[in-house]
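Counting from 1, position 38 in the sequence shown corresponds to residue 38 in the UniProt record's numbering; the numbering is continuous, with no gaps. From the three backbone atoms N, C-alpha and C, an ideal C-beta is built for every residue, glycine too. What follows is a short report on a single structure.
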Amino acid sequence: MLETLLRDPQAPAIISSPDRCTWTAATLLGMAAGAIELLDAHGAAPGQYVPALLSTRPASVAMLLAGAWSRRPLAPLGPHMTERELLGCLESLDGGLLVAEPEWADKAGHLAAKTGRRVAILDQLAPGADPCSLRGEPAVAFMMHTSGTTGAPKQVLVREAALARRAEVNGALLQLGPGARLAIGGLFHHVAGLGNIAVALANQTALVMYPSFSVAAWRDLDAVAPTHTVTVPSVIETLLDADALRLPTLKVLGYGGSPIRPDTMRRIHHVMPDVALVELFGQTEGSPLTVLSHDDHRAALGGREELLRSVGRAAPGVELRIDNPGPDGVGEVWARCGHSFVVDAEGWQHTGDLGRLVDGYLYLVGRQGDKIIRGGENVFPVEVEHILQSHPGVAEAAVVGVPDQRLGETIRACIVAVDPASPPSVDELRAYCRERLAGFKVPAQWTFTNALPRNAAGKILRRELVSAVKE
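What follows is the structure, given as structure tokens:
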């Protein structure tokens, strides 16, 4: 990454929105050197991981590079995580420092008081000495934590070699290169934030950064002319509903985190017919593992809508395997590639996702712990949720297993209606499911809610839904 930045020091590296402040590669290198001096001044020792509460801003990128180059890798944490989650992460890390942006200073002070850490506020960075003279070859670039949907967040060490390979693969899939501008915003601590920073910088692509998502923040991007972005389907739908998705300079719209609805894809094509859609699937432990390409989306528009229920085919350099498949072909998805961060002795990443391969396309059916066994029959929540969410009156749906004396488990559907004042009836939804699913997969219990519980990464917390059902 350093070599890429040195290749053209005057090229734009970061453009912040909405203030349009631009850092050249030379500016970023100087600020990274200044961040190294800040770490020195606060006594961060080499070999220690430095927890940080940061958002998607230029100074955060400088601090990220500083940590890697000075062998004090950053461990960014989600500022919106619960106190219990944050304390758990801090207690698992050695060292006595916590870095925070000014807007998270109060939270950082509160956490520091409970853990005995010092706090360094990342306010105004000043350029430092030449980072080339200060850096070592980083073995670990930074540390991430998994989103913790099934328990406490787990540490994931992001090694430089795997990160470089990931940047190469993603850069090719998203068609990045000199002159491109990749817009990212929101979760700095997430692989979609941290990972895509590396993807852009390694591919001579300027980062267009906005601290948090809103329709107004997206509209402001028009002034800085992004050519690429990666987001999630729920954000795309919010922008479509607000008639705000179209950016004239946008060429590639990447997404991940969940499938996209056929109707949403058609709406995108209507608004931006020339924009390439690309779905990337992966995990904190390694991504991308699969890609649903622009050509696949075109095929879906042409009638092969079933492709949208898949997460695509193996990404370049990725070997996929379904471990211990059942009669229906469903088993745990394993992947082997050069850009996974957590692998077994033979190089396999055990995803914990259940899925099947059909003509090379991977169809996910849920997490291992989410499987419902109803009267001896396996029911995978994702399959039922896909059907429910295809109903025009359903905005979101989550399916969980509920204890049942006769069947062992039965199925409860939790529904968020498009119009809460006039939701679809249970009879209507039940009939809709019966037309599209085997009888044993149709939910027996139904509940309507205004919102599904999610963690800081936006993933549904099924265990909370199960707990609520039990209560």
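Residue i and residue j closer than 7 Å at C-beta
| i | j | result |
| --- | --- | --- |
| Val199 | Ala172 | no |
| Ile372 | Val379 | yes |
| Val191 | His228 | no |
| residue 475 | Met143 | This structure cannot settle anything about residue 475, because the visible part of the chain is limited to 1 through 471. |
| Leu292 | Glu305 | no |
| Glu428 | Arg374 | no |
| Asp295 | Pro18 | no |
| Gly34 | Pro127 | yes |
| Val426 | Trp446 | yes |
| Gly317 | Gly338 | yes |
| Ser60 | Ile36 | no |
| Val330 | Val365 | yes |
| Val208 | Val224 | yes |
| Arg462 | Asp370 | yes |
| Val50 | Ala44 | yes |
| Leu6 | Ala62 | no |
| Ala52 | Ala141 | no |
| Thr4 | Gln204 | yes |
| Ala300 | Leu307 | yes |
| Ile184 | Asn170 | no |
| Pro424 | Phe448 | no |
| Tyr210 | Ala217 | yes |
| Gly254 | Phe213 | no |
Element boundaries [beta strand (DSSP E), containing residue i]
| i | result |
| --- | --- |
| Gly401 | 394-404 |
| His228 | 228-231 |
| Glu305 | Run containing Glu305: none; DSSP gives neither H nor E here. |
| Leu437 | Segment: none, Leu437 is in no beta strand (DSSP E) and carries neither H nor E. |
| Asp328 | Where Asp328 is concerned, there is no enclosing beta strand (DSSP E), given that its DSSP letter is neither H nor E. |
| Leu253 | 252-255 |
| Gly408 | 408-417 |
| Ala183 | 181-185 |
| Asp323 | 319-323 |
| Ala120 | 118-121 |
Extent of the continuous alpha helix (DSSP H) to which residue i belongs
| i | result |
| --- | --- |
| Leu289 | Here Leu289 belongs to no alpha helix (DSSP H); instead the beta strand (DSSP E) covers 286-292. |
| Ile15 | No alpha helix (DSSP H) holds Ile15; the beta strand (DSSP E) holding it covers 12-16. |
| Leu90 | 83-91 |
| Asp106 | 105-115 |
| Ala59 | 58-69 |
| Val426 | 426-434 |
| Thr447 | No alpha helix (DSSP H) holds Thr447; the beta strand (DSSP E) holding it covers 445-448. |
| Glu3 | 2-7 |
Residue i, DSSP secondary structure in three states
| i | result |
| --- | --- |
| Leu247 | coil |
| Arg349 | The sequence as given places Gln at residue 349; Arg does not occur at that position. Note: Gln349 maps to strand in three-state DSSP. |
| Asn196 | helix |
| Gln48 | coil |
| Thr22 | strand |
| Phe341 | coil |
| Val224 | helix |
| His270 | helix |
| Glu37 | helix |
| Glu383 | helix |
| Ala276 | strand |
| Arg261 | coil |
| Glu377 | strand |
| Ala421 | coil |
| Glu471 | Interpretation of Glu471 is limited by its pLDDT of 47, a score under 50 that renders its predicted location unreliable; the figure taken from the coordinates is listed afterwards. Coil, per DSSP. |
| Thr238 | helix |
| Glu464 | helix |
| Glu101 | coil |
| Leu77 | strand |
| Ala206 | strand |
| Leu452 | coil |
| Leu53 | strand |
Bridge partner(s) assigned by DSSP for residue i
| i | result |
| --- | --- |
| Met144 | Val156 |
| Phe281 | Thr290 |
| Arg313 | Val291 |
| Cys366 | The amino acid occupying residue 366 in the given sequence is Gly; Cys does not appear at that position. Its beta-bridge partners are Leu354. |
| Arg336 | Glu319, Trp348 |
Closer than 7 Å to chain C by CB, residue i
| i | result |
| --- | --- |
| His269 | Here there is only one protein chain, and chain C is not present. |
Using 8 Å as the cut-off, can you tell me whether the region 19-27 makes contact with the region 92-111, which would need three or more C-beta pairs spanning the two stretches below that distance? no
Could you check whether the region 325-343 touches the region 279-297, counting it as contact only if at least three pairs of C-beta atoms, one from each stretch, sit closer than 8 Å? yes
Please determine if the region 389-405 and the region 346-355 are in contact, where contact requires at least 3 C-beta pairs separated by less than 8 Å. no
Would you check if there are 3 or more beta carbon pairs closer than 8 Å linking the region 173-193 to the region 323-333? no
Determine contact between the region 259-268 and the region 234-249, defined as no fewer than three beta-carbon pairs at a distance below 8 Å. yes
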